[in-house]
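Residue numbering for the sequence shown follows numbering that gives the first Met the number 0, beginning at 0 and increasing consecutively.
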Amino acid sequence: MARDEQLKERWERVQKKLSDQFADGELMELDAIIYLVGVQELGQPHKRYKKDHKIDLMHIAICTLLEPYGYYEFDFYDDDGWPHFKIKEELPTLKAGEQTVLMKEAIVQYFMEKDYIS
Numbered sequence: 000m001a002r003d004e005q006l007k008e009r010w011e012r013v014q015k016k017l018s019d020q021f022a023d024g025e026l027m028e029l030d031a032i033i034y035l036v037g038v039q040e041l042g043q044p045h046k047r048y049k050k051d052h053k054i055d056l057m058h059i060a061i062c063t064l065l066e067p068y069g070y071y072e073f074d075f076y077d078d079d080g081w082p083h084f085k086i087k088e089e090l091p092t093l094k095a096g097e098q099t100v101l102m103k104e105a106i107v108q109y110f111m112e113k114d115y116i117s
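Structure below.
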């Protein structure tokens with residue numbers, strides 16, 4: 000199976016499983032899945048978040064997802080238990096489609112490492 004086809008198949012598997020679990024089967028978009036990763040990484044899933052915190056949660060997710068690619072490195076947890084990261088390497092300038100592919104690839108890898116999908 001070609002790499003692109005494999006990514007597409009795995010992405011759809013992650014998307015469907017998360018959508019069934021968290022959105023009553025309504026297909027979740029990329030941003031919603033990134034948000035879920037942030038909530039997972041923070042470890043406070045039952046808390047209600049304001050808009051500012053939702054953006055922070057997405058930032059946590061992006062840093063976590065791109066850490067294996069060498070762009071970020073975990074630094075510390077603050078007094079409220081929020082993880083902080085430092086930039087190791089600036090992200091390359093990518094077109095929107097390339098950004099989407101990178102994030103989908105990182106999300107698939109994340110959920111494979113968590114044994115959520117195989």
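Ideal placement from N, C-alpha and C gives every residue a C-beta, glycine not left out.
In DSSP terms, what residue i is bridged to
i: Phe73; result: Phe84
Three-state class that DSSP yields for residue i in the structure shown
i: Met57; result: helix
i: Met102; result: helix
i: Tyr109; result: helix
i: Arg47; result: coil
Between the CA atoms of residue j and residue i - distance to the nearest angstrom
i: Phe75; j: Lys85; result: 9 Å
i: Gln14; j: Ile59; result: 20 Å
i: Asp19; j: Met27; result: 9 Å
CB contact flag (residue i, residue j, <8 Å)
i: Pro44; j: Val38; result: yes
i: Met102; j: Leu17; result: no
i: Leu56; j: Tyr34; result: yes
For the pair the segment 66-85 and the segment 6-15, tell me if three or more CB-CB distances fall below 8 Å.
no
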